[in-house]
Amino acid sequence: MVIAITFGAESSTWRPEDDRGRFLPYQASIRDAGAELVMVGTENSDEILADPRAFLKRFDGLLISGGADVHPMCWPNPPSFPGQSWDEVIAAHSMVIDPGRDPMELALAQAAYEHGIPTLGVCRGHQVLNIALGGRLVLNLDPQLGHRTKPDRTSSRHRVALAGETLLSRLVDGRRDLPVNSRHHQGVDGEHVAPPLRVAAIAGDGQVIEGIYAPAHPWLVGIQWHPERSDDVECHEAWRPLFHQFVAACRAARDG
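Here it is as structure tokens:
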């Protein structure tokens, strides 16, 4: 069983081995659950944009990985910033942009939703799902909320409160409060959650949406944390069942 995982360049200093390094934790988690990953990058963009559904037919599921920020001009009804250029907006909100990645992932996310393909979005991928299906983001979370990567590049940590009777709550046996890591400065806007999506988890601060799912879809989940990071042991162990459930959904979809 094969699952596509998206990646892209983040800056002018990007090197292929950088994405390879980020790929390995995802690969280990998916292999532990019984499947394999194939990397999909911006070199596949032309083929994806021509027919995203045909491209996805090669795979049993889609994993949209973490990474750079989605350019606000890709949002539905993009926000306006009178008197500011996009470059000024990006700088003012501490954004890192990977413009080649945005159209590719948004097209894949839309096709995966429309055709019932099992999909997991992690961090940026969580945000991509919300944008692709009609939602918007908070451009720059208050640093005092404690969601950003620490200066030494280690993860921040907090807990999330899970909503009742969702894909996320069921896979952790109905528990309502679990640990997660945190490495982000943007988030799903609670006032602009995409219409097909519902909130599955909220940060302990009560302000940041950490999990979403699509109740009308066989299996589509977005999470703001990084369960693949084995260095963050508590989060990694708590959320190992997520990858197993995702792979099980991919297998069920494949076998019909």
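Last residue of the sequence shown: 246 (the working numbering), numbering continuous. Where is the CB? At the ideal position from N, CA and C, for every residue including glycine. Given the structure is predicted, the values throughout are model-derived calculations rather than measurements.
If you drop the 5 nearest sequence neighbours on each side, which residues of the same chain put their C-beta closer than 7 Å to that of residue i?
{"i": "Met29", "result": "Ile(-5), Phe(-3) and Phe13"}
{"i": "Ile87", "result": "Ala58, Asp59, His61 and Ile80"}
{"i": "Leu161", "result": "Pro231, Leu232 and Gln235"}
Taking the C-alpha atoms as reference points, what is the distance between residue i and residue j?
{"i": "Pro208", "j": "Leu168", "result": "24 Å"}
{"i": "Gly57", "j": "Ala238", "result": "25 Å"}
{"i": "His182", "j": "Gly124", "result": "8 Å"}
{"i": "Cys240", "j": "Pro108", "result": "6 Å"}
{"i": "Ile38", "j": "Tyr103", "result": "15 Å"}
{"i": "Pro217", "j": "Asp59", "result": "19 Å"}
{"i": "Leu129", "j": "Ala81", "result": "11 Å"}
{"i": "Gln214", "j": "Arg149", "result": "12 Å"}
{"i": "Arg48", "j": "Ala151", "result": "36 Å"}
{"i": "Ala25", "j": "Asp245", "result": "14 Å"}
{"i": "Ala190", "j": "Asp163", "result": "14 Å"}
{"i": "Tyr16", "j": "Ser145", "result": "17 Å"}
{"i": "Gln74", "j": "His83", "result": "12 Å"}
{"i": "Arg188", "j": "Glu33", "result": "33 Å"}
{"i": "Arg91", "j": "Val223", "result": "30 Å"}
{"i": "Ala44", "j": "Gly194", "result": "40 Å"}
{"i": "Met(-9)", "j": "Ala243", "result": "11 Å"}
{"i": "Gly106", "j": "Pro69", "result": "30 Å"}
{"i": "Val247", "j": "Arg21", "result": "The structure shown does not extend to residue 247, since the chain is modelled only from -9 to 246, so the question has no answer here."}
Taking only three categories from DSSP, how would you classify residue i?
{"i": "Phe236", "result": "helix"}
{"i": "Met29", "result": "strand"}
{"i": "Asn67", "result": "coil"}
{"i": "Arg91", "result": "helix"}
{"i": "Glu56", "result": "A small fix is needed here, since residue 56 is Gly in this sequence, not Glu. Coil at Gly56, not helix or strand."}
{"i": "Ile107", "result": "coil"}
{"i": "Leu187", "result": "coil"}
{"i": "Ser145", "result": "coil"}
{"i": "Glu155", "result": "coil"}
{"i": "Gly24", "result": "coil"}
{"i": "Asp245", "result": "helix"}
{"i": "Glu200", "result": "strand"}
{"i": "Gly115", "result": "helix"}
{"i": "Leu131", "result": "coil"}
{"i": "Asp167", "result": "strand"}
{"i": "Leu46", "result": "helix"}
{"i": "Val223", "result": "helix"}
{"i": "Thr3", "result": "Bear in mind that a pLDDT of 48 at Thr3, under 50, signals an unreliable position, so the model cannot answer this."}
Please classify residue i: is it buried, with 16 or more other beta-carbons within 10 angstroms of its beta-carbon, or exposed?
{"i": "Asn67", "result": "exposed"}
{"i": "Pro42", "result": "buried"}
{"i": "Asp50", "result": "buried"}
{"i": "Val112", "result": "buried"}
{"i": "Arg126", "result": "buried"}
{"i": "Arg166", "result": "exposed"}
{"i": "Ala206", "result": "exposed"}
Who are the near neighbours of residue i in its chain, counting only those whose CB is closer than 6 Å to its CB and skipping five residues on each side?
{"i": "Ala99", "result": "Val118, Leu119 and Ala122"}
{"i": "Val211", "result": "Leu110, Leu157 and Tyr203"}
{"i": "His251", "result": "The structure shown does not extend to residue 251, since the chain is modelled only from -9 through 246, so no value can be given for it."}
{"i": "Pro185", "result": "Gly124"}
{"i": "Ile54", "result": "Thr(-4), Glu95, Gly111, Gly115 and Val118"}
What does a CB cutoff of less than 8 Å around residue i pick up in its chain, not counting 5 residues either side in sequence?
{"i": "Trp76", "result": "His61, Pro62 and Met63"}
{"i": "Ser35", "result": "Gly90, Pro93 and Met94"}
Exercise for review: Indicate whether the contact test is met: 3 or more Cβ pairs, each with one atom in the stretch 112 to 122 and one in the stretch 165 to 185, closer than 8 Å.
Suggested key: Under the Cβ criterion (8 Å, minimum of three pairs), the stretch 112 to 122 counts as touching the stretch 165 to 185.
Review point. Within the chosen definition, does the stretch 201 to 215 reach the stretch 151 to 159 through at least 3 CB pairs nearer than 8 Å?
Key: Verdict: yes, contact present.
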